[in-house]
Amino acid sequence: MSVIPTNPSPPSAPGTDVVKAKKGLYGDEDNYITHGKGILSWLLTIDHKRIGLMYMVCVLAAFFIGGIFAIALRTELIWPGQTLMPWAEANTNWKLYNQLFSVHGAVMVFMFIIPAIPAILGNFALPIMLGAKDVAFPRLNLLSWYCYVGGSLFFLWILTGGVVGTLFGLENMPWYFPKGIDTGWTFYTPYSTDTNTGVILATMGVFVLGFASILTGVNFIATIHMLRPRNMGWDRLPLMLWSLYATSVIQILATPVLAITMLLLLAERVLGIGVFDPAKGGDPVLYQHFFWFYSHPAVYIMILPAMGVISEVISVFSRKHIFGYSFIAASSLAIALFGFIVWGHHMFTSGQSPLLNSVFSLLTMSVAVPSAVKVFNWLATMYNGKIRLDTPMIYALGFIWLFTIGGLTGLPLAALSTDIHYHDTYFVVAHFHYVMVGSTLFGFLAGMYYWWPKMTGKMYNEKAGQIWAWMVFAGFNLTFFIQFIAGSLGAPRRYADYDPRFWKYHFISTLGSYVLMIGLFGVLYNWVSSWRSGKKAPANPWGANTLEWHTPSPPPHANFEDGHEPEGVPPYDYDGWDYVSEEEGYVRKEGYVYQGH
Amino acid sequence: MSTAHSDHDHPAHLAHHFETSAQQMESGKLGMWVFLATEILMFGGLFCAYAVYRANNPDVFLFAHRALDTTWGAINTAVLLASSFTMAWGVRAAQLGQKKLLIGLLIATLFGGAGFMLIKTVEYKAKWDHALFVGPSNAYYHDNGTLADPGEAAHSSEYIEKHGDTDGGHGGHGDDHGAGHGDAHAAGHGDSHAGDHGGDHGAQADAPAPAASKIAAPAAPPTGLHADLLTHKRPVLGAGESLSTGIGAIQASHKGSHYPAFTELDPLNTNRTHIFFQIYFAMTGLHGLHVLIGLGLISWICYRAGGPMTRALLVPGLFVSVGIYFVFVWWLVSANSGWFPTTALVAAVLCLIAGALWGAKNVALTKPNPDADSEFSPGYYTPVDCVGLYWHLVDLIWIFLFPLLYLIH
Ligand code: HEM
Ligand SMILES: [Cu+2]
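Protein chains in written order, with my numbering: chain A, -18 to 578; chain B, 4 to 412.
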């Protein structure tokens, strides 16, 4: 890449760009979006900001696909009996349902929620927050995007097979064009070694997606270690970066275990090695250990970045220095480390020894401690603050509510006696949707709204943003809160049909999911319309002090304007900024010197 | 990363987002170390599976590991260690700017890695010949608790027991336990004929009778390989056996020999014998894949380190090497029937021709060009360093694999 030209280059090529960078959106401005024209300038870019945007397009597409499946699932459950395909045999409906929840889970976990915050917001914001020009390994970063796309193609392939197979009523399709996948996102053996659906392709897909995750993790760790600017010690690292750092550590340490699990499962399917197959002398519980050794830490891969976003947003929108900076930072690392020693809580009913069960139960409850530390620190940050209820803050507050509910309901699941009752009921479904959707998705939306002006250079419509936020919040709770009750009453998960006495719970839940869907489409519309016709965003609409707000929106190709050598600043010191109404944003005070807080 | 800059006095190798070469080098090395951690964890999964199966079925490992060739394994360890040494020396040469030496050492490393793969091929070939291969091509393979081919299993057992006794690595105690072993064998035979044979394998009418009799465990209760045993968490114990799994106990139960014979395994263990081989192939296979990747990386480094002539000859040279490898494979399997030997020969010829032609063309067209000199210098040799680290990791993993798989007591 060449040096940024000091004079803005006039846009000349006709608007062939992928993302809405048509001529006119940015006029003559030279920023990272207009810097370089044509589809190849995106597909071959090594600019972390563009890679973040490319991730955004793909990850949102994955979210859309996973969402379609969710709505289909809920619709099948709206009445007892067969709903989606009333004309077909019941058996067809039930099989379809198994496919729906498997694809829904796998797509949402591996293609949406794990990459969402690190790969979109992290990629975009991390180097700028460090005052760096790029991540440490820009080309690996691009490779990671290609791994993501490549891995996703496997799932699209499975999905196409599922659609074709269902439409034409085909069974027994060949392995290279399987009829969907029906193992659940966990691919438990021995069923996954027997089923004739797309386990082979799915394991390859997960393996490749895992590479995307690992490469991002390696990149972030090296970047945070090596590319911090002058005056940014670890004590001035924004909390978002602390949590991305902790996330990367988990990605590095856990994902390889998933990789080998998937390889062994693949070998099981292709070569028939039988390591996990009891019929061949193998050990299926070993599979569960392997799987959860990754997948429990993976839930922290999902939640930690969201916690990072929330730490930024809560502090900025309370106009107050974050409370307990070092506790929040340390609790991120604590969660990352604790996360590795609790996986057995998914296996309480698998026949593992009672001693192991008790140890895992105890350890699991201890994870609640660092989580609670964060919640208390956020609350203390807001206490006595000048709270601004902009859209990011609404999502952040929603996060605190929902994460508290989700986290607390984890405790009865971690307690041995109650888990025997709750295991594999809707209580578990409600629990993990509260932490994955209620928390991670809300954190993601908070972050998207927070950095949206920076990423696109446009302000979104604040009123609309808030309305949709409330709708998402209401729809979410309507969908999932009632599942706690249904689960306590014993409604089992992963069944296409149910006892009519559970009807009203399912009915309300399904209605809630429609509300949630409409809310999310509203959010999408809000973003797209603001990108096309929103007002130009100021450099610092929120008065935040992390380094990405010290550069124009959207940032120039090299992140900072020529000659600006970014230095570390106290990230939560807001005294240096004045609101200037002509700018509709904050402007740095002339000659401001940090006094300590 | 070799982008030219006009504003700074950046050297060509320094990427735009780094300020100094030292920072770039440190970043590269940090990234590499972190990546190596992921590799270790990935293999960690396999080691974990290994530990679980070995802890649950110590006898299987004692019995089955003797199929492996300790002599070749030891030689391979030495070969890989030597190549690690040349690699480390190569990094040093790069650091000191000794370009010729660097290329020589990298090529030596390549030979080491290739030698390792060659020897591994010999070993795999032997497993194939004695039906001890991966997946269902293993004589002990079974589905639902019954050996797929008891006759073949008996053949393989005979091979394993004989091979284990003559294999050089066990030479030290080969004599004494060999003798004890013969006894155990004979006894096992007699017992099973007398007692369990009819009850156990009556169902397998078509299996050759003497072979089937070897499957029955003499000390086990007359249940044989039935699916219901699969649900047992512990090995089924015969009368007089204790649950203790210490080496002493195992030796005692194996009539004084260090190693049990197949006929001495209890039914659950018989069921899991093939798992040893599956794990062996999973571990060494994945490791072999890493060796191949390493060879690719070293070749790439060699290309970048070389002058015009090295670059002209390197890729054709690789083709020729692969061709020679296939000649070797063909020679190994030429006695076998089927499509494989012919395919190997065709592949060999194609690779050799392609390499020779391409090499000739490149040599004819290459002019000495001072600009196309080595990319590395004492100021920039991060890729050499990182590939070196990778190669050491590959070596290190083998250092663990070798004793865990070959040297079980
Ligand atoms: C705060 C402390 C938490 C505790 C104590 C906890 C505890 C548990 C327990 C014991 C289970 C197993 C329930 C069963 O299957 O019977 C479980 C399931 C689950 N949890 Fe949590 N959890 C916590 C936080 C989280 C977070 C933050 C996430 C994700 C962001 C998460 C995601 C999940 C998922 C996905 C499952 C179900 C997986 C499946 O079976 O498909 N949990 N949790
Ligand atoms: Cu968990």
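The beta-carbon is built from N, C-alpha and C at its ideal position, and this holds for glycine as well.
> Roughly how many angstroms lie between the CA atoms of Phe21/B and His145/B, to the nearest whole one?
Replying inline: Numbered from 1 along the second sequence, position 18 holds the residue referred to as residue 21/B. Numbered from 1 along the second sequence, position 142 holds the residue referred to as residue 145/B. The straight-line gap from Cα to Cα measures roughly 58 angstroms.
> Span of the alpha helix (DSSP H) holding Asp132/B?
Replying inline: Taking the first residue of the second sequence as position 1, residue 132/B is located at position 129. Residue range Lys102 to Asp132 is occupied by the alpha helix (DSSP H) that includes Asp132/B.
> Using a Cβ cut-off of 7 angstroms, which residues of the stretch 521 to 545 of chain A contact any Cβ in chain B, in chain order?
Replying inline: Cβ proximity to chain B below 7 angstroms picks out nothing from the stretch 521 to 545 of chain A.
>> Which residue wins for smallest C-alpha separation from Met328/A, given the options Ala361/A, His270/A and Ile368/A?
In response: The sequence position of residue 328/A within the first sequence is 347, counting from 1. Closest option to Met328/A, Cα to Cα, is His270/A.
> Closest to Gly332/A by CA distance: which of Ser292/A, Ile401/A, Ser347/A and Gly146/A is it?
Replying inline: Translated into the one-based positions of the first sequence, residue 332/A becomes position 351. Just measuring C-alpha positions, the residue of Ser292/A, Ile401/A, Ser347/A and Gly146/A sitting nearest Gly332/A is Ile401/A.
> Is Tyr275/A helix, strand or coil by DSSP?
Replying inline: To locate residue 275/A, count along the first sequence from 1; it is residue 294. Reduced to three states, the DSSP call for Tyr275/A is helix.
>> Just checking: is the beta-carbon of Leu33/B within a distance shorter than 7 angstroms of some beta-carbon in chain A?
In response: Sequence index remark: in the second sequence, residue 33/B carries index 30 (1-based). Answer yes: the Cβ-Cβ gap between Leu33/B and chain A drops below 7 angstroms somewhere.
> Would you call the stretch 389 to 408 of chain B and the stretch 271 to 291 of chain B touching, i.e. three or more CB-CB distances under 8 angstroms?
Replying inline: yes
> Any C-beta of chain A sitting closer than 7 angstroms to the C-beta of His395/B?
Replying inline: Stepping through the second sequence from its first residue, residue 395/B is reached at position 392. Not closer than 7 angstroms to any Cβ of chain A, the Cβ of His395/B fails to qualify, so no.
> What residues in the stretch 245 to 263 of chain A bring their beta carbon closer than 7 angstroms to a beta carbon of chain B?
Replying inline: Leu245, Ala248, Leu252, Gly253, Ile254, Gly255, Val256, Pro259, Ala260, Lys261, Gly262 and Gly263
> Along the stretch 136 to 158 of chain B, what residues have a CB closer than 8 angstroms to any CB found in chain A?
Replying inline: Val137, Gly138, Pro139, Tyr144, His145, Asp146, Asn147 and Gly148
> Since Lys355/A contacts Ser299/A with CB under 8 angstroms, what's their CB separation in whole angstroms?
Replying inline: Mapped onto the first sequence, residue 355/A falls at position 374. Mapped onto the first sequence, residue 299/A falls at position 318. Lys355/A to Ser299/A, Cβ: 15 angstroms. No contact.
> Does DSSP classify Ser62/B as helix, strand or coil?
Replying inline: Position 59 of the second sequence, counted from the start, is the residue given in the question as residue 62/B. Per the sequence shown, residue 62/B should be read as Asp rather than Ser. Looking at Asp62/B - three-state DSSP - the assignment turns out to be helix.
> Do you know how far the Cα of Ile43/B is from the Cα of Tyr262/B?
Replying inline: The residue you call residue 262/B lines up with position 259 of the second sequence. The residue you call residue 43/B lines up with position 40 of the second sequence. Their Cα atoms are separated by approximately 31 angstroms.
> If you scan the stretch 335 to 369 of chain A from start to end, which runs of the alpha helix (DSSP H) of 4 or more residues do you find wholly inside it?
Replying inline: 335 to 363
> For Ser380/B, which of helix, strand or coil comes out of DSSP?
Replying inline: Within the second sequence, numbered from 1, the residue matching residue 380/B stands at position 377. If DSSP states are grouped into helix, strand and coil, Ser380/B belongs with the strands.
> Are the CB atoms of Asn526/A and Asp554/A nearer to each other than 7 angstroms?
Replying inline: The sequence position of residue 526/A within the first sequence is 545, counting from 1. The sequence position of residue 554/A within the first sequence is 573, counting from 1. Yes, the Cβ-Cβ distance between Asn526/A and Asp554/A is below 7 angstroms.
> Asp115/A by DSSP, collapsed to three states: which one?
Replying inline: In the first sequence, residue 115/A corresponds to position 134, counting from 1. Looking at Asp115/A - three-state DSSP - the assignment turns out to be coil, as it is neither helix nor strand.
> DSSP state of Asn153/A, grouped into three classes?
Replying inline: Start at 1 with the first residue of the first sequence, and residue 153/A comes out as number 172. In the structure shown, Asn153/A sits in coil (DSSP, three-state: anything other than H, G, I, E or B).
>> If I follow the unbroken alpha helix (DSSP H) through Arg314/B, where does it start and stop?
In response: Counting from 1 along the second sequence, the entry for residue 314/B is found at position 311. That run of the alpha helix (DSSP H) goes Pro311 to Val336.
> Whose CA, out of Thr228/A, Ile386/A, Asn365/A and Gly387/A, lies closest to the CA of Tyr316/A?
Replying inline: Position 335 of the first sequence holds residue 316/A. Here the sequence assigns Ile to residue 316/A, which means Tyr is not the residue at that position. Here the closest residue by C-alpha is Thr228/A.
>> Given the structure, does His414/A come close to ligand 2, in the sense that its CB is under 6 angstroms from one of the ligand's heavy atoms?
In response: Taking the first sequence and counting its residues from 1, the one referred to as residue 414/A is at position 433. No.
>> Tell me the rounded alpha-carbon separation between Asn155/A and Thr176/A.
In response: Against the first sequence, residue 155/A aligns to sequence position 174. Against the first sequence, residue 176/A aligns to sequence position 195. First, the amino acid is wrong: residue 155/A is Pro here, not Asn. Cα atoms of Pro155/A and Thr176/A: separation of roughly 12 angstroms, rounded to the nearest angstrom.
>> Less than 7 angstroms between CB atoms is the rule here; does Met45/B satisfy it with respect to chain A?
In response: Numbered from 1 along the second sequence, position 42 holds the residue referred to as residue 45/B. Closer than 7 angstroms to some Cβ of chain A, the Cβ of Met45/B qualifies, so yes.
> So what's His16/B in DSSP terms, helix, strand or just coil?
Replying inline: In the second sequence, the residue the question calls residue 16/B occupies position 13. Looking at His16/B - three-state DSSP - the assignment turns out to be coil, as it is neither helix nor strand.
>> When you compare the CB of Asn274/B with every CB in chain A, is at least one pair closer than 7 angstroms?
In response: For the purposes of this step, residue 274/B is taken as the residue at position 271 of the second sequence. Yes, Asn274/B lies at the interface with chain A (some Cβ there is under 7 angstroms from its Cβ).
>> Give me the chain B residues within the contact set of Pro547/A, using Cβ-Cβ distance strictly less than 8 angstroms, ordered along the chain.
In response: Within the first sequence, numbered from 1, the residue matching residue 547/A stands at position 566. Residues of chain B passing the Cβ test: none, with the nearest at roughly 12 angstroms.
>> In the DSSP assignment, the beta strand (DSSP E) including Val568/A goes from what residue to what residue?
In response: Your numbering for residue 568/A matches position 587 in the first sequence. Element bounds for Val568/A: Gly566 to Arg569.
>> On a Cα-Cα basis, can you pick out the residue from Leu58/A, Pro219/A and Leu360/A that is closest to Tyr495/A?
In response: Looking up residue 495/A in the first sequence gives position 514. Comparing Cα-Cα distances from Tyr495/A to each of Leu58/A, Pro219/A and Leu360/A, the minimum goes to Leu58/A.
> So, are the CB atoms of Ala308/B and Ser377/B less than 7 angstroms apart?
Replying inline: For the purposes of this step, residue 308/B is identified with residue 305 of the second sequence, where counting begins at 1. For the purposes of this step, residue 377/B is identified with residue 374 of the second sequence, where counting begins at 1. Yes, the Cβ-Cβ distance between Ala308/B and Ser377/B is below 7 angstroms.
> Along the chain, where does the alpha helix (DSSP H) that runs through Asp388/B open and close?
Replying inline: Position 385 of the second sequence, counted from the start, is the residue given in the question as residue 388/B. Element bounds for Asp388/B: Thr385 to Tyr409.
> In the stretch 117 to 137 of chain B, which residues sit with their C-beta less than 8 angstroms from some C-beta in chain A, listed in chain order?
Replying inline: Of all residues in the stretch 117 to 137 of chain B, Val137 have a Cβ within less than 8 angstroms of some Cβ in chain A.
> Mind checking Tyr157/A: buried by the 16 CB within 10 Å criterion, or exposed?
Replying inline: In the first sequence, counting from the first residue as 1, residue 157/A sits at position 176. Label assigned to Tyr157/A: exposed.
> Under 6 angstroms from any heavy atom of ligand 2, does the C-beta of His277/A make it?
Replying inline: Position 296 of the first sequence holds residue 277/A. For ligand 2, at least one heavy atom lies less than 6 angstroms from the Cβ of His277/A.
>> Check whether the stretch 271 to 281 of chain A and the stretch 224 to 243 of chain A are in contact - that is, three or more C-beta pairs closer than 8 angstroms.
In response: yes
> Would you report the Cα separation of Pro153/B and Ala142/B, rounded to the nearest angstrom?
Replying inline: For the purposes of this step, residue 153/B is taken as residue 150 along the second sequence, with counting starting at 1. For the purposes of this step, residue 142/B is taken as residue 139 along the second sequence, with counting starting at 1. Straight-line Cα distance between these residues: approximately 8 angstroms.
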